[in-house]
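Right, one structure below, let's go through it.
Number of protein chains: 2
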Amino acid sequence: MTPEEFRRYGRQVVDWIADYHERIASMPVLSQVKPGDVQDALPARPPEEGEGFEGVLADLERIVLPGVTHWQHPSFFAYFPSNTSGPAILGDLLSSGLGVQGMLWATSPACTEMETRVADWMVDLLGLPAAFRGNGVIQDSASSACLVALLAAVQRTGGSAARDGIDRRHTLYVSSQTHSSLEKAARITGIGSANVRVVDVDPGTLAMDPAHLDALLTEDAAAGAVPVMVCATVGTTSTTAVDPVPAIGEVCRGHGVWLHVDAAYAGVAAVCPEFRWVNDGLAEHADSYSTNPHKWLLTNFDCTLLWLADRAPMIEALSILPEYLRNQATTSGDVIDYRDWQIPLGRRFRALKLWSVIRWYGAEGLRAHIRAGARLADALASWIAADPAFEVRDHHPFGLVCFRPRWAGLAPDEADAATLALMERLNASGDLYLTHTRVGGRVLLRLAVGGPATEERHVRAAWDRIREEAARPTA
Amino acid sequence: MTPEEFRRYGRQVVDWIADYHERIASMPVLSQVKPGDVQDALPARPPEEGEGFEGVLADLERIVLPGVTHWQHPSFFAYFPSNTSGPAILGDLLSSGLGVQGMLWATSPACTEMETRVADWMVDLLGLPAAFRGNGVIQDSASSACLVALLAAVQRTGGSAARDGIDRRHTLYVSSQTHSSLEKAARITGIGSANVRVVDVDPGTLAMDPAHLDALLTEDAAAGAVPVMVCATVGTTSTTAVDPVPAIGEVCRGHGVWLHVDAAYAGVAAVCPEFRWVNDGLAEHADSYSTNPHKWLLTNFDCTLLWLADRAPMIEALSILPEYLRNQATTSGDVIDYRDWQIPLGRRFRALKLWSVIRWYGAEGLRAHIRAGARLADALASWIAADPAFEVRDHHPFGLVCFRPRWAGLAPDEADAATLALMERLNASGDLYLTHTRVGGRVLLRLAVGGPATEERHVRAAWDRIREEAARPTA
């Protein structure tokens with residue numbers, strides 16, 4: 011593709027994206043295709059001859075869009091938001107256009123140094139501990155961040171796992187509310203699912219019980235296990251429960267165990283002073299911490315930030331230097347080589363998109379975005395609370411509200427089935443998209459606000475639609 | 011950013027990228043900055059107020075570009091190429107613009123189904139085994155691909171590692187030429203570096219010795235170890251050596267051990283019939299196979315393809331289904347949820363860029379690109395061979411040529427130091443960028459051709475520059 015062709019098609023793609031966001035609200039949120047529809051519509055064999063980019067754009071409309079679930083739709087309330095924004099898209103486009111690969115400082119110093127600087131900006135923006143300064147790195151996801159933290163934690167136990175493999179019973183501490191990526195990390199690292207110890211939670215708040223954690227740690231150590239890491243969560247996936255990090259941190263300190271704090275969704279809220287409490291305990295206790303600008307901070311996937319209070323055990327665990335990667339800058343020790351801070355070797359210039367976002371919005375703009383989401387969630391929760399046909403969980407400090415119809419007269423299992431059926435009907439309608447969870451065995455609907463396109467009228471329309479659908483007699 | 015602002019700034023960014031590629035040859039290939047220069051030039055604190063995108067573009071010129079090592083420069087010959095191209099950039103831009111997250115089929119069916127289809131297209135384009143059809147997935151890197159393969163291989167040994175953790179001595183088989191990501195994977199999975207067994211190579215071809223592999227497997231099993239996986243490489247990083255996959259596969263079959271074939275760099279060459287030999291043994295023996303369109307196939311990082319002959323052990327190793335991810339499509343078993351095929355949970359719509367590349371170039375265009383790189387490498391090797399002051403390795407089947415000055419009169423260690431000093435001077439000049447390796451203890455220069463912008467005149471200029479610099483008297 012010549013530069014002239016790139017200019018021409020590039021404008022078409024930019025316009026297509028702008029048009030897409032302008033008309034997105036007219037499309038069904040959840041894709042209506044059936045398994046195999048998209049695959050069947052794509053040619054079974056690759057083309058022998060090349061063609062103009064017009065064909066890609068035409069098939070994007072004809073084949074791809076019907077198969078897309080529109081995460082940027084103003085009525086997308088499922089999972090957590092996966093924010094994007096104009097400056098993020100353009101920052102990422104610059105990264106693709108530069109086409110550099112920043113595995114080593116030497117292979118593009120700006121890729122490494124902007125990442126360090128922007129991670130430090132996030133320390134300022136979120137009010138994170140000073141020890142995190144210079145110790146931040148962008149990962150693809152919170153899953154990878156917790157995996158890297160776990161490998162560092164294993165290294166810090168002083169065993170020889172990196173050299174000899176796992177040869178002791180290591181244990182990892184989570185609650186029933188912790189993200190499944192922690193169990194996945196236990197499997198990947200050779201620790202094993204059975205050695206993931208599930209700490210009790212308070213049945214009301216769903217927050218981890220530090221006393222039970224303490225008891226488990228004591229019991230396991232007495233039984234000869236080597237506890238590796240505790241994962242506390244600020245803003246769980248299910249209900250945005252908040253574990254008591256200061257108290258958990260005290261327990262970790264007492265047992266000499268690594269504390270990872272997973273604030274994948276909620277951590278970025280700390281950009282607002284009124285949410286700074288999400289950082290409680292980090293400065294005193296956190297060995298590692300992660301939060302995702304790609305969820306609620308206007309930066310498109312993938313962009314997770316991971317910080318470590320001490321990077322040394324991570325690098326001991328992950329660094330291997332073959333001859334073909336040796337270079338003067340690495341040998342000097344004066345630079346960061348981010349390849350040793352992650353699972354893969356190669357890496358994109360992801361700092362560009364976060365840099366673009368922070369400059370475009372400024373701290374003020376980021377705060378306004380977080381506040382808008384939290385305010386809409388508060389409004390929704392108040393509307394639900396005012397409707398006697400529904401019940402809502404009191405706890406909704408961020409953008410997620412959990413609730414359900416009361417289903418007067420139905421047994422608990424019947425009520426759960428009715429709630430799930432309601433959700434399926436709503437999602438199938440294409441009018442909105444929401445997901446569910448279970449608390450104390452009972453099904454709750456989850457409605458997560460926080461997409462940049464979502465305004466009060468969309469939340470209001472969603473709530474009206476839910477009430478209407480719940481009241482409808484079903485066959 | 012409003013749609014109108016996005017259109018305006020989007021055009022500016024597209025033009026900036028087109029301009030960048032038009033003027034790239036005038037910039038020094040290797041960044042000339044010193045450690046800290048870029049970081050110091052970026053403000054120490056994030057902005058309180060937002061600003062227009064003009065500031066980003068201005069600082070891109072002023073701060074970022076001087077700190078960039080230009081991987082797309084026609085005189086970039088280091089490592090392996092990290093191709094990008096217009097259609098790849100635009101396909102990736104579409105992915106950013108759509109902003110979907112394809113962890114599950116249900117969260118965007120097109121993201122999953124286009125990936126499956128495009129991976130099948132690659133099976134056709136490269137002439138890969140029929141068993142790979144429907145079993146391909148895009149990973150971020152070959153490192154992650156081999157890690158996933160290793161986890162599947164551990165699962166297939168029939169132990170209970172996913173549940174109970176690593177509780178036997180598992181062994182992994184590589185050669186001294188295997189990529190360092192295999193040892194990294196052994197550390198990550200809890201197998202340990204010390205259980206990575208290094209199989210002898212032929213001192214001439216540097217290819218793995220199947221007889222020694224057989225002996226090691228027998229010895230380890232007799233000593234009570236559980237061999238997990240053998241990694242054969244087609245096109246090693248150091249010199250593009252090619253392991254004898256058919257013979258290695260026979261040994262693996264005899265011992266019931268998983269065979270992963272890492273063709274990260276060279277595998278895509280099979281798009282040309284004359285390179286189809288790189289697939290020898292795959293159909294009969296490979297349990298998993300990976301190659302990187304992001305190296306030599308015009309698709310920007312990150313885009314590694316991983317195929318498995320049988321996906322079941324991978325999914326057993328990696329699948330965990332919490333309540334908040336349950337959905338009808340997953341429960342039906344009719345769809346692929348790619349989250350179980352990778353380390354992270356979330357995933358970008360990466361298939362769009364590969365789809366765009368294949369449609370724009372067609373099979374013909376992809377073949378022309380591979381042939382251009384291989385032809386230039388052949389030409390370079392012939393020029394070096396004709397110069398009595400240099401020696402060149404005979405083996406250069408792809409785009410990489412390894413060579414060195416003979417340095418008449420210098421002892422081997424002095425010659426190595428002179429070769430490294432030559433490389434440092436060349437790289438510091440900004441005229442070209444190349445890296446080095448060691449073979450039999452001796453330093454060789456590596457010159458990898460294959461960037462889309464590289465023409466014969468650039469390779470010729472590089473060779474002239476190397477000869478001139480090698481002949482220059484140094485202090």
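Quick mapping for you: the protein sequence lines, in order, are chains A and B.
Taking the working numbering, I'd label the letters of the first sequence as residues 11 to 485.
Taking the working numbering, I'd label the letters of the second sequence as residues 11 to 485.
Each residue gets a CB set at the ideal place from its N, CA and C atoms; glycine is no exception.
DSSP three-state assignment for residue i, whether helix, strand or coil
{"i": "T228(A)", "result": "helix"}
{"i": "G146(A)", "result": "strand"}
{"i": "A16(B)", "result": "Checking the sequence, you will find Phe at residue 16(B) rather than Ala. If DSSP states are grouped into helix, strand and coil, F16(B) belongs with the helices."}
{"i": "V459(B)", "result": "coil"}
{"i": "W268(A)", "result": "strand"}
{"i": "L52(B)", "result": "coil"}
{"i": "C282(B)", "result": "coil"}
{"i": "C121(B)", "result": "helix"}
{"i": "T199(A)", "result": "coil"}
{"i": "M433(B)", "result": "helix"}
{"i": "C58(B)", "result": "With the sequence shown as reference, residue 58(B) is identified as Glu, and Cys is not the correct amino acid for it. In this structure, E58(B) counts as coil in the three-state DSSP scheme."}
{"i": "A141(B)", "result": "helix"}
{"i": "S329(B)", "result": "coil"}
{"i": "P415(B)", "result": "strand"}
{"i": "T181(B)", "result": "strand"}
{"i": "V288(B)", "result": "helix"}
{"i": "M324(A)", "result": "helix"}
{"i": "M132(B)", "result": "helix"}
Proximity winner among the options, relative to residue i (alpha-carbon distances)
{"i": "V240(A)", "options": "H295(A), R475(A), E284(A) and A51(A)", "result": "H295(A)"}
{"i": "S95(A)", "options": "M11(B), D50(B) and I34(B)", "result": "M11(B)"}
{"i": "G101(A)", "options": "A98(B), P97(B), D290(B) and S106(B)", "result": "S106(B)"}
{"i": "L108(B)", "options": "A129(A), A293(A), P76(A) and R263(A)", "result": "P76(A)"}
{"i": "R360(B)", "options": "F400(B), R414(B), V110(B) and P220(B)", "result": "V110(B)"}
{"i": "V520(B)", "options": "R179(A), N93(A) and T117(A)", "result": "Residue 520(B) lies beyond the stretch modelled for chain B, which goes from 11 to 485, so this question has no answer here."}
{"i": "V290(B)", "options": "T249(B), G245(B) and E59(B)", "result": "Note that residue 290(B) is Asp in the sequence shown here, rather than Val. Of T249(B), G245(B) and E59(B), the residue nearest in Cα terms is G245(B)."}
{"i": "V345(B)", "options": "G409(B), L114(B), L307(B) and H83(B)", "result": "L114(B)"}
{"i": "G46(A)", "options": "S151(B), G266(B), A339(B) and D312(B)", "result": "A339(B)"}
{"i": "R470(A)", "options": "A396(A), R452(A), A389(A) and S151(A)", "result": "A389(A)"}
{"i": "A155(B)", "options": "H189(B), L104(B), Q49(B) and W393(B)", "result": "H189(B)"}
{"i": "W351(A)", "options": "L331(A), R321(A) and T341(A)", "result": "R321(A)"}
{"i": "D253(A)", "options": "E125(A), P237(A) and H222(A)", "result": "H222(A)"}
{"i": "S153(B)", "options": "I201(A), H270(A) and R349(A)", "result": "R349(A)"}
Same chain only: Cβ atoms within 8 Å of residue i, ignoring 5 sequence neighbours per side
{"i": "E193(A)", "result": "V184, S203 and V206"}
{"i": "E520(A)", "result": "The question about residue 520(A) has no answer here: the residues shown for chain A are numbered 11 through 485."}
{"i": "R452(B)", "result": "R414, P422, A425 and D426"}
{"i": "W26(B)", "result": "L67 and L70"}
Residues near residue i in its chain [Cβ-Cβ closer than 7 Å; skip 5 each side]
{"i": "L442(A)", "result": "V39, S85, F87, L436, A472 and R475"}
{"i": "L315(B)", "result": "A129, M132, G146, I148, S300, T301 and P303"}
{"i": "A51(B)", "result": "I73"}
{"i": "A293(B)", "result": "P139"}
Check: residue i C-beta below 7 Å from any heavy atom of the ligand SAM
{"i": "L454(A)", "result": "Ligands are entirely absent from the displayed structure, and the ligand SAM is therefore not among its contents."}
Residues of its chain near residue i, where Cβ-Cβ distance is below 6 Å and the 5 sequence neighbours each way are ignored
{"i": "F400(A)", "result": "I394, F413 and P415"}
{"i": "E326(A)", "result": "Q165"}
Inset, instruction - Determine, using beta-carbon pairs with one atom in the region 131 to 145 of chain B and one in the region 59 to 73 of chain A, whether at least three such pairs fall under 8 Å. - result: Using a C-beta cut-off of 8 Å, the region 131 to 145 of chain B makes no contact with the region 59 to 73 of chain A, since fewer than three inter-stretch Cβ pairs fall below that distance.
Legend entry - Chain-ordered residues of the region 13 to 46 of chain B with a beta carbon less than 7 Å from chain A: Cβ contacts with chain A come from P13, E15, F16, R17, Y19, G20, R21, V23, V24, D25, I27, A28, Y30, H31, E32, S41, V43 and P45.
Inset, instruction - Pair every Cβ in the region 215 to 229 of chain B with every Cβ in the region 153 to 169 of chain B, then say whether three or more of these pairs are closer than 8 Å. - result: The region 215 to 229 of chain B, when compared against the region 153 to 169 of chain B, does not touch it at the 8 Å Cβ threshold.
Inset, instruction - Decide if the region 81 to 89 of chain A is in contact with the region 446 to 460 of chain A; the criterion is three or more beta carbon pairs, one per stretch, under 8 Å apart. - result: A contact exists between the region 81 to 89 of chain A and the region 446 to 460 of chain A.
Inset, instruction - Using a Cβ-Cβ cut-off of less than 8 Å, give me the residues of the region 435 to 450 of chain A that come near chain B, in sequence order. - result: Close to chain B, meaning a Cβ-Cβ distance shorter than 8 Å, are the following residues of the region 435 to 450 of chain A: T445, H446, T447 and R448.
Legend entry - Inter-stretch contact (C-beta, 8 Å, three-pair minimum) for the region 170 to 182 of chain B and the region 123 to 143 of chain B: The answer is no - the region 123 to 143 of chain B does not touch the region 170 to 182 of chain B, with fewer than three Cβ pairs under 8 Å.
Inset, instruction - Note down, in chain order, all residues in the region 375 to 401 of chain B with a beta-carbon under 8 Å from any beta-carbon belonging to chain A. - result: Taking 8 Å as the upper bound on Cβ-Cβ separation, chain A lies near residues G375 of the region 375 to 401 of chain B.
Inset, instruction - Would you list, in chain order, the members of the region 129 to 140 of chain B that have their beta-carbon closer than 7 Å to a beta-carbon of chain A? - result: Answer in chain order: W131, D134 and L135.
Legend entry - Members of the region 169 to 187 of chain A near chain B, C-beta cut-off 9 Å: S170, A171, A172, R173, D174, G175, I176, D177, R179 and H180: these are the residues of the region 169 to 187 of chain A whose beta carbon lies less than 9 Å from some beta carbon of chain B, given in chain order.
Inset, instruction - Would you be able to state if there are at least three C-beta pairs under 8 Å between the region 412 to 432 of chain A and the region 40 to 60 of chain A? - result: Judged by Cβ distances under 8 Å, the region 40 to 60 of chain A makes no contact with the region 412 to 432 of chain A, as fewer than three pairs qualify.
Inset, instruction - Output, in sequence order along the chain, the residues in the region 98 to 121 of chain A whose CB is closer than 8 Å to any CB in chain B. - result: From the region 98 to 121 of chain A, only A98, I99, L100, G101, D102, L103, L104, S106, G107, L108, G109, V110, Q111, W115, A116, T117, S118, P119, A120 and C121 have a Cβ closer than 8 Å to chain B.
Legend entry - Interfacial residues, the region 188 to 199 of chain A to chain B, with Cβ spacing under 7 Å: Those would be S190, S191, E193, K194, R197, I198 and T199, in chain order.
Inset, instruction - Quick one: which residues of the region 69 to 96 of chain A get their C-beta closer than 9 Å to a C-beta of chain B? List them in chain order. - result: When CB distances to chain B are screened at a threshold of 9 Å, the residues of the region 69 to 96 of chain A falling below it are D69, L70, I73, V74, L75, P76, G77, V78, T79, H80, W81, Q82, A88, Y89, S92, N93, T94, S95 and G96, in chain order.
Inset, instruction - Using a Cβ-Cβ cut-off of less than 8 Å, list which residues of the region 305 to 317 of chain B approach chain A; keep chain order. - result: Hits within the stretch, in order: N310, F311 and D312.
Inset, instruction - With 7 Å as the limit, tell me which residues of the region 247 to 261 of chain A have their beta carbon closer than that to any beta carbon of chain B; keep them in chain order. - result: Residues passing the 7 Å Cβ filter: T247 and S248.
Inset, instruction - Taking a Cβ distance cut-off of 8 Å, strictly less, list which residues of the region 339 to 351 of chain B are near chain A, in chain order. - result: Within the region 339 to 351 of chain B, the qualifying residues are A339, S342, D344 and V345.
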